[in-house]
Amino acid sequence: MSYKAEYIWIDGTAPTAKLRSKTKILADGAEPGVWGFDGSSTNQAAGHASDCVLKPVASYPDPIRGGDNILVLCEVFNTDGTPHPSNSRAELRPVAERFAAQEPLFGIEQEYTFFEGTRPLGFPVGGFPAPQGGYYCGVGFDEIHGRDIVEKHLDHCLAAGLGISGINAEVMPGQWEFQVGPLSPLEVADQMWVARWLLYRTAEDFGVSATLDPKPAKGDWNGAGAHTNFSTRAMRENYDAIITACEALGKDGKPLEHVKNYGVGVEDRLTGAHETAPWDRYSYGVSDRGASVRIPWQVEQDKKGYIEDRRPNANVDPYVVTRLMVDTCCTELESAGLV
Ligand code: ADP
Ligand code: MN
Ligand code: MN
Ligand code: MN
Numbered sequence: 001m002s003y004k005a006e007y008i009w010i011d012g013t014a015p016t017a018k019l020r021s022k023t024k025i026l027a028d029g030a031e032p033g034v035w036g037f038d039g040s041s042t043n044q045a046a047g048h049a050s051d052c053v054l055k056p057v058a059s060y061p062d063p064i065r066g067g068d069n070i071l072v073l074c075e076v077f078n079t080d081g082t083p084h085p086s087n088s089r090a091e092l093r094p095v096a097e098r099f100a101a102q103e104p105l106f107g108i109e110q111e112y113t114f115f116e117g118t119r120p121l122g123f124p125v126g127g128f129p130a131p132q133g134g135y136y137c138g139v140g141f142d143e144i145h146g147r148d149i150v151e152k153h154l155d156h157c158l159a160a161g162l163g164i165s166g167i168n169a170e171v172m173p174g175q176w177e178f179q180v181g182p183l184s185p186l187e188v189a190d191q192m193w194v195a196r197w198l199l200y201r202t203a204e205d206f207g208v209s210a211t212l213d214p215k216p217a218k219g220d221w222n223g224a225g226a227h228t229n230f231s232t233r234a235m236r237e238n239y240d241a242i243i244t245a246c247e248a249l250g251k252d253g254k255p256l257e258h259v260k261n262y263g264v265g266v267e268d269r270l271t272g273a274h275e276t277a278p279w280d281r282y283s284y285g286v287s288d289r290g291a292s293v294r295i296p297w298q299v300e301q302d303k304k305g306y307i308e309d310r311r312p313n314a315n316v317d318p319y320v321v322t323r324l325m326v327d328t329c330c331t332e333l334e335s336a337g338l339v
């Protein structure tokens with residue numbers, strides 16, 4: 001019997017790219033091959049030369065349609081065979097390959113906010129809910145909004161075979177988090193994009209939208225981040241490597257180079273309040289949720305493990321944050337002989 005392949009790709013919308021997808025019917029036994037789309041409708045081409053090319057890079061069982069149907073994640077190419085400028089995965093590939101022997105692993109915490117119309121889910125019409133305090137990891141009808149969607153999304157991620165490692169309710173009502181990883185740079189980034197697609201797709205059936213807006217409610221409400229947890233084999237074995245990675249991220253020019261690429265609006269979220277460090281001042285510390293980079297207490301105790309870069313915005317491109325962290329930290333670990 002023929003089956004359905006949902007081709008998913010990242011578009012060229014500025015300043016933050018959006019996900020797009022369309023369905024191809026494949027004959028029984030046929031593999032999902034190269035396909036095309038109208039780039040003039042996705043901010044990826046001009047109308048007079050509108051064709052863009054979709055190259056499948058990973059596929060997953062489709063938990064929405066079930067059966068033999070699949071989700072197909074793609075890279076976007078120009079018709080001359082070069083990667084499209086919007087294709088940030090193509091830039092990660094050589095960096096991931098170059099440092100593969102250091103066995104880098106990532107776990108990314110994706111925070112997001114549900115919206116019903118123009119209000120975060122749980123915000124009353126024309127007003128505000130009770131101030132933050134009880135919502136984080138909360139329980140109960142007065143504090144929790146959208147759990148049915150979150151549970152469905154989790155089940156869908158598991159059925160798709162994604163390496164999702166947990167979920168929790170966040171500090172602001174209507175705000176949630178899921179974590180993907182630990183996985184290799186390409187795997188974590190691919191799976192994060194697919195998990196995001198599944199989030200939007202799942203919420204759609206509930207009449208709710210999900211947003212990665214880093215500051216969805218103005219005022220005294222937490223923003224939404226994408227804390228990026230990182231280790232190499234050396235970091236998982238010794239503390240010198242942990243410190244070397246923290247120092248590498250603070251070397252001249254690095255803090256700004258990273259923050260600039262950690263998602264649009266990062267300066268508005270990294271204010272120094274709401275469990276953030278100011279965007280223009282790099283710091284690291286044990287257990288410190290007010291630092292740019294946190295060394296978890298367990299890691300300090302075990303003298304090995306991983307570090308958490310708390311700066312990336314919820315709307316960060318996971319292909320970009322993983323590339324920058326691998327490049328910056330693995331280069332330094334290599335020079336220090338910590339490989
Ligand atoms: P937090 O306490 O900051 O909320 P979470 O439990 O939400 O932390 O997320 C921690 C993430 O770190 C998880 O995705 C987990 O898989 C990941 N992680 C654990 N160990 C490692 C490691 N050695 N390298 C990279 N990531 C790791
Ligand atoms: Mn978390
Ligand atoms: Mn969180
Ligand atoms: Mn965290």
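At position 85 of the sequence shown the residue is numbered 85 (full-length UniProt numbering), and the sequence of numbers has no breaks.
Yeah, the Cβ is synthetic: ideal placement off N, Cα and C, and Gly gets one too.
How would you write the range of the alpha helix (DSSP H) that residue i sits in, first residue to last?
i             : result
glutamine 301 : 297-302
isoleucine 25 : Segment 19-26 is the beta strand (DSSP E) holding isoleucine 25; no alpha helix (DSSP H) there.
alanine 195   : 185-204
lysine 218    : Counting along the chain, lysine 218 falls outside any alpha helix (DSSP H), and DSSP gives it neither H nor E.
valine 95     : 89-98
valine 286    : Not the alpha helix (DSSP H): valine 286 falls in the beta strand (DSSP E), residues 284-286.
aspartate 240 : 239-248
aspartate 327 : 318-335
arginine 269  : 266-269
glutamate 151 : 147-159
Have a look at the DSSP bridge pairing and note the partners of residue i.
i                 : result
lysine 55         : Glu75
lysine 254        : Partner(s): none; lysine 254 has no beta bridge.
valine 139        : DSSP output for valine 139 lists no bridge partner at all.
alanine 234       : None, per the DSSP bridge assignment.
glutamate 308     : Asn229, Arg294
glutamate 6       : Thr23, Leu71
residue 418       : Missing from the structure shown is residue 418; the chain here goes from 1 to 339 and no further.
phenylalanine 178 : Gln110, Ile167
proline 83        : Phe77
asparagine 313    : Gly225
tyrosine 60       : Leu71
In the DSSP assignment, the beta strand (DSSP E) including residue i goes from what residue to what residue?
i              : result
threonine 211  : 209-211
isoleucine 164 : 164-169
leucine 105    : 105-116
aspartate 38   : 35-38
Under 8 Å between the Cβ atoms of residue i and residue j?
i              : j                 : result
residue 346    : valine 180        : Residue 346 falls outside the range modelled here, since the chain spans only 1 to 339, and no answer is possible.
leucine 73     : valine 95         : no
glutamine 44   : serine 2          : no
proline 173    : glutamate 143     : yes
leucine 121    : histidine 156     : no
cysteine 330   : glutamine 110     : no
alanine 248    : glutamate 308     : no
leucine 212    : alanine 49        : no
asparagine 238 : lysine 303        : yes
alanine 195    : phenylalanine 114 : no
valine 299     : alanine 234       : no
glycine 127    : proline 61        : no
aspartate 51   : threonine 79      : yes
Taking the alpha-carbon positions, what's the residue i to residue j distance?
i                 : j              : result
glycine 134       : isoleucine 70  : 39 Å
proline 83        : glycine 225    : 28 Å
arginine 323      : leucine 92     : 5 Å
glutamate 116     : threonine 13   : 23 Å
proline 32        : leucine 26     : 7 Å
glycine 67        : glutamate 6    : 13 Å
threonine 202     : alanine 245    : 37 Å
aspartate 317     : glycine 263    : 7 Å
alanine 159       : leucine 198    : 11 Å
phenylalanine 178 : leucine 154    : 8 Å
phenylalanine 37  : serine 59      : 19 Å
phenylalanine 99  : methionine 192 : 21 Å
lysine 254        : alanine 46     : 35 Å
proline 216       : arginine 269   : 10 Å
phenylalanine 141 : glutamine 132  : 15 Å
valine 320        : serine 41      : 24 Å
isoleucine 108    : valine 139     : 24 Å
Assuming the contact rule is C-beta atoms closer than 8 Å, residue i and residue j should be a hit. Round their C-beta distance to whole Å, please.
i             : j              : result
glutamate 75  : arginine 89    : 5 Å
proline 214   : proline 104    : Going by Cβ atoms, the distance from proline 214 to proline 104 rounds to 25 Å, so no, they are not a contact pair.
threonine 228 : proline 312    : 5 Å
glycine 223   : histidine 274  : 6 Å
leucine 54    : valine 34      : 7 Å
serine 21     : isoleucine 8   : 4 Å
glycine 272   : proline 278    : 4 Å
glycine 337   : isoleucine 242 : Not quite, the Cβ-Cβ distance comes to about 15 Å (not below 8 Å), so this is no contact.
aspartate 288 : arginine 281   : Not really, about 13 Å apart at Cβ, beyond 8 Å.
tyrosine 136  : tryptophan 176 : Actually they are not in contact, since the Cβ atoms of tyrosine 136 and tryptophan 176 sit about 10 Å apart, beyond 8 Å.
Would residue i count as contacting chain D if we go by Cβ distances under 8 Å?
i            : result
aspartate 62 : Looking for chain D here will not work: only one protein chain is present.
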